[in-house]
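The sequence shown begins at 7 in our numbering and counts up by one. Glycine residues also receive a C-beta, built at the ideal position from the N, C-alpha and C atoms. Here the structure is a predicted model, which is why all the values come from computation and not from measurement. Accompanying notes for the structure given below.
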Amino acid sequence: MSREPSEDTAPAVVTVTGAAGNIGYAALFRIASGAMLGPRRRIALRLLEIPAAVRAAEGVAMELADSAFELLDSVEVHDDPAKAFDGASFALLIGAKPRTQGMERADLLQANSGIFGPQGRALNEGAAEDVRVVVVGNPANTNALIALSHAPDIPPERFTALTRLDHNRALAQLAAKAAVPLAEVSRVSIWGNHSSTQYPDIFHARAGWLTGEQLAADRAWLAEEFVPAVAKRGAAIIDARGVSSAGSAASAAIDHLRDWALGRDFALSQSPTGSALSQSPTGWGDDWTSVALPSPGAYGVPEGLVSSFPARSVAGEWLIVEGLSINEFSRARIDASVAELVAERDAVRALGLV
Ligand SMILES: NC(=O)c1ccc[n+]([C@@H]2O[C@H](COP(=O)([O-])OP(=O)(O)OC[C@H]3O[C@@H](n4cnc5c(N)ncnc54)[C@H](O)[C@@H]3O)[C@@H](O)[C@H]2O)c1
């Protein structure tokens with residue numbers, strides 16, 4: 007890495023790939039307005055697109071200028087990862103190769119390695135020392151694994167994949183089920199892969215006065231309604247909207263990076279209900295969120311797999327919540343999702359991509 011950590015007074019370089027796409031469009035205006043790094047941090051945006059979409063990204067840059075955001079220092083549009091990631095402290099890797107009809111998993115992984123390998127290398131060469139990366143583009147966990155394996159000088163834990171959207175979906179479903187405000191739902195966990203095998207775990211959750219065990223007592227509802235409703239929510243959105251979730255995905259990516267960089271206490275200080283909840287020095291109290299990060303071998307997840315865990319950001323680092331009991335119902339589902347991650351990792355290894 008060539009650059010020093012960025013100082014708070016300097017604009018934070020935020021690189022967004024797939025900037026002309028749906029999620030990019032939904033994310034950029036909120037980032038520029040301060041939703042991610044707070045109301046005082048100036049922002050230098052770098053938009054990365056493929057050559058065919060550079061013109062569209064320039065249109066987005068024009069709209070960003072027209073929004074007259076006071077925090078927005080500059081906007082650059084690039085089709086070269088080396089330029090786009092130069093000095094980046096935050097990287098949202100959104101652009102990816104979608105699966106097309108008849109495409110095998112190995113073809114999908116190979117196509118995405120052509121994106122995330124070079125982007126990992128470019129981050130390695132030019133990103134700031136404090137760079138934080140969130141991979142949104144699918145298959146997000148394995149794309150993150152590909153990127154980090156091409157960035158040997160960046161600590162692997164700086165590469166994460168987004169499961170905050172799944173976490174937020176689980177919070178919303180549980181709040182509706184328990185008929186309590188969202189702010190009264192906590193301690194939900196997403197485990198495994200950001201795919202239909204993911205496991206949203208409510209055994210440790212709270213919703214109002216209800217404990218996780220009480221919420222999970224109706225096992226048929228849990229297994230046949232709640233878990234699939236969260237895991238297949240993306241398909242339900244496509245079914246209703248005709249295109250995939252974009253506003254909620256952008257919002258989750260912003261939540262993820264904001265909590266990581268600024269801590270939960272910052273988020274709570276900005277929230278209408280938060281100040282009452284902030285009862286610990288870290289702001290998390292006994293709550294947590296979900297993040298896909300390289301496994302240190304926790305909870306039986308093989309070391310190095312990028313898998314989702316319950317986690318809290320403390321002093322700028324994600325810490326996996328330790329010591330949660332995992333019952334048989336949960337174990338089987340975590341293991342199934344982790345097995346899918348192992349198969350993806352083995353496939354990219356066999357192709358020589360990591
Ligand atoms: N992790 C999650 O929670 C989550 C949720 C929703 C969507 N997604 C995934 O996010 C990705 C983006 O979704 P979208 O709706 O914005 O898609 P989109 O098709 O609207 O936009 C993708 C953009 O990426 C660009 N792109 C492709 N290759 C690129 C490259 N090498 N460098 C830079 N840009 C590149 C494309 O030109 C396009 O503009 C998809 O892979 C989608 O499956 C993830």
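Thinking C-beta only, is I196 closer than 8 Å to S257?
Taking the sequence shown and counting its residues from 1, the one referred to as residue 257 is at position 251. Taking the sequence shown and counting its residues from 1, the one referred to as residue 196 is at position 190. Going by C-beta atoms, S257 is not nearer than 8 Å to I196.
Same chain, Cβ closer than 8 Å to L114, five either side skipped, listed in chain order
Position 108 of the sequence shown holds residue 114. Once the five neighbours on either side are set aside, the close Cβ partners of L114 are K103, R105 and P145.
Enumerate, from N- to C-terminal direction, the unbroken alpha helix (DSSP H) stretches of 4 or more residues contained entirely within the segment 50 to 137.
60 to 72, 87 to 90 and 111 to 132
CB G218 to CB R225, shorter than 8 Å?
In the sequence shown, residue 218 corresponds to position 212, counting from 1. In the sequence shown, residue 225 corresponds to position 219, counting from 1. Cβ distance not < 8 Å, so G218 and R225 don't count as in contact.
Around the Cβ of N333, are there at least 16 other Cβ atoms within 10 angstroms (buried) or fewer (exposed)?
Taking the sequence shown and counting its residues from 1, one reaches residue 333 at position 327. Burial call: exposed.
Among A246, V354 and S277, which one has its Cα closest to the Cα of D261?
Stepping through the sequence shown from its first residue, residue 261 is reached at position 255. It is S277.
Whole runs of the alpha helix (DSSP H) within the segment 270 to 352, excluding any shorter than 4 residues
270 to 276 and 280 to 283
Going straight from the alpha carbon of T21 to that of V60, what length do you get?
In the sequence shown, residue 21 corresponds to position 15, counting from 1. In the sequence shown, residue 60 corresponds to position 54, counting from 1. Distance between the alpha carbons of T21 and V60: 15 Å.
Count the other CB atoms, across all protein chains shown, that sit within 10 Å of the CB of L54; report buried if there are 16 or more and exposed otherwise.
Here residue 54 refers to the residue found at position 48 of the sequence shown. Answer is buried; the Cβ neighbour count reaches 16.
In three-state terms, what does DSSP make of W215?
What you label residue 215 is simply residue 209 of the sequence shown in a count that begins at 1. The answer is coil: DSSP assigns W215 none of H, G, I, E or B.
Taking 7 Å as the cut-off, is the CB of G123 close to at least one heavy atom of ligand 1?
For this step, residue 123 is matched to residue 117 along the sequence shown. It does not: the Cβ of G123 is nowhere closer than 7 Å to a heavy atom of ligand 1.
Rounded separation between A62 and P316 - CA only:
Reading the sequence shown from its first residue, position 56 is the one you call residue 62. Reading the sequence shown from its first residue, position 310 is the one you call residue 316. Each residue's Cα considered, the two are about 37 Å apart.
Can you give me the Cβ contacts of A94 inside the same chain, cut-off strictly under 8 Å, excluding the 5 residues immediately before and after it?
The residue given as residue 94 occupies position 88 in the sequence shown. Only V19, V20, T21, R52, L129, G132, A133, A134 and V137 meet the Cβ criterion.
Please say whether A259 and L325 have beta carbons closer to each other than 8 Å?
Taking the sequence shown and counting its residues from 1, one reaches residue 325 at position 319. Taking the sequence shown and counting its residues from 1, one reaches residue 259 at position 253. No, Cβ-Cβ distance for L325 and A259 is not below 8 Å.
Return the bridge partner residues of D172 from the DSSP annotation.
Along the sequence shown, one-based indexing puts residue 172 at 166. Bridge partners of D172: none, in fact.
Check: V142 C-beta below 7 Å from any heavy atom of ligand 1:
Locating residue 142 in the sequence shown gives position 136, counting from the first residue. Yes, the Cβ of V142 comes within 7 Å of a heavy atom of ligand 1.
What whole-angstrom Cβ distance do L34 and L70 have, given they're in contact under 8 Å?
Taking the first residue of the sequence shown as position 1, residue 34 is located at position 28. Taking the first residue of the sequence shown as position 1, residue 70 is located at position 64. With 8 Å as the limit, L34 and L70 qualify as a contact, their Cβ atoms being about 6 Å apart.
Own chain partners of E346 with C-beta closer than 7 Å, once the 5 adjacent residues on each side are dropped
Locating residue 346 in the sequence shown gives position 340, counting from the first residue. N199, S201 and T203.
If we count the other Cβ atoms within 10 Å of its Cβ and call it buried at 16 or more, is P352 buried or exposed?
Here residue 352 refers to the residue found at position 346 when the sequence shown is read from its first residue. Reading off the sequence, residue 352 comes out as Asp, not Pro. By the 10 Å Cβ count, D352 comes out exposed.
DSSP on I208, reduced to helix/strand/coil?
Counting from one through the sequence shown, the residue named residue 208 turns up at place 202. In the structure shown, I208 sits in coil (DSSP, three-state: anything other than H, G, I, E or B).
I56 classed as buried or exposed, judged by whether at least 16 other C-beta atoms fall within 10 angstroms
Position 50 of the sequence shown, counting from 1, holds the residue named residue 56. Counting Cβ neighbours within 10 Å, I56 comes out exposed, since fewer than 16 surround it.
Is the beta carbon of A102 within less than 7 Å of some heavy atom of ligand 1?
The count along the sequence shown starts at 1 and reaches residue 102 at position 96. Checking the Cβ of A102 against ligand 1 gives yes.
Bounding residues of the alpha helix (DSSP H) (the contiguous stretch that carries I152)
Mapped onto the sequence shown, residue 152 falls at position 146. Unbroken alpha helix (DSSP H) run through I152: A146 to S155.
If we count the other Cβ atoms within 10 Å of its Cβ and call it buried at 16 or more, is E350 buried or exposed?
Here residue 350 is taken as the residue at index 344 of the sequence shown, counted from 1. With 16 or more other Cβ atoms within 10 Å, it is buried.
Beta carbon of A242: closer than 7 Å to some heavy atom of ligand 1?
If you number the sequence shown from 1, residue 242 lands on position 236. No - ligand 1 has no heavy atom lying nearer than 7 Å to the Cβ of A242.
For T15, tell me which candidate among D85, R36, L311 and P45 has the shortest Cα-Cα distance.
To locate residue 15, count along the sequence shown from 1; it is residue 9. If we check each option's Cα against that of T15, P45 comes out closest.
Measure the alpha-carbon distance for R239 versus G101 and round it to whole angstroms.
As a first step, residue 239 is located in the sequence shown; it is residue number 233 there, counting from the start. As a first step, residue 101 is located in the sequence shown; it is residue number 95 there, counting from the start. Approximately 21 Å, taken between the alpha carbons.
First through last residue of the alpha helix (DSSP H) which encompasses S39
Your numbering for residue 39 matches position 33 in the sequence shown. N28 to S39 is the extent of the alpha helix (DSSP H) around S39.
Given the structure, does T21 come close to ligand 1, in the sense that its CB is under 7 Å from one of the ligand's heavy atoms?
Position 15 of the sequence shown, counted from the start, is the residue given in the question as residue 21. The answer is no for T21.
Limits of the unbroken beta strand (DSSP E) element including S195
Within the sequence shown, residue 195 is the residue found at index 189, counting from 1. It spans S195 to W197 - the beta strand (DSSP E) in which S195 sits, taken as one unbroken run.
Who pairs with V140 in a beta bridge, going by DSSP?
Counted from its first residue, the sequence shown places residue 140 at position 134. Paired residue(s): L98 and T166.
Less than 8 Å between the CB atoms is what I'm expecting for V140 and T166, so what's the real figure, rounded?
Working through the sequence shown from its first residue, we reach residue 140 at position 134. Working through the sequence shown from its first residue, we reach residue 166 at position 160. 5 Å between Cβ atoms; contact.
So is the beta-carbon of E55 under 7 Å away from any non-hydrogen atom of ligand 1?
One-based indexing of the sequence shown puts residue 55 at position 49. For ligand 1, at least one heavy atom lies less than 7 Å from the Cβ of E55.
Cβ-Cβ separation, N147 to S313 (assumed contact under 8 Å), whole Å:
As a position in the sequence shown, residue 313 is number 307, starting the count at 1. As a position in the sequence shown, residue 147 is number 141, starting the count at 1. S313 to N147, Cβ: 7 Å. Contact.
According to DSSP, is S192 part of a helix, a strand, or is it coil?
What you label residue 192 is simply residue 186 of the sequence shown in a count that begins at 1. Correct three-state label for S192: strand.
Check the C-beta distance from L330 over to H210 and give it rounded, since I have them as a contact under 8 Å.
The residue you call residue 330 lines up with position 324 of the sequence shown. The residue you call residue 210 lines up with position 204 of the sequence shown. Confirmed, about 6 Å.
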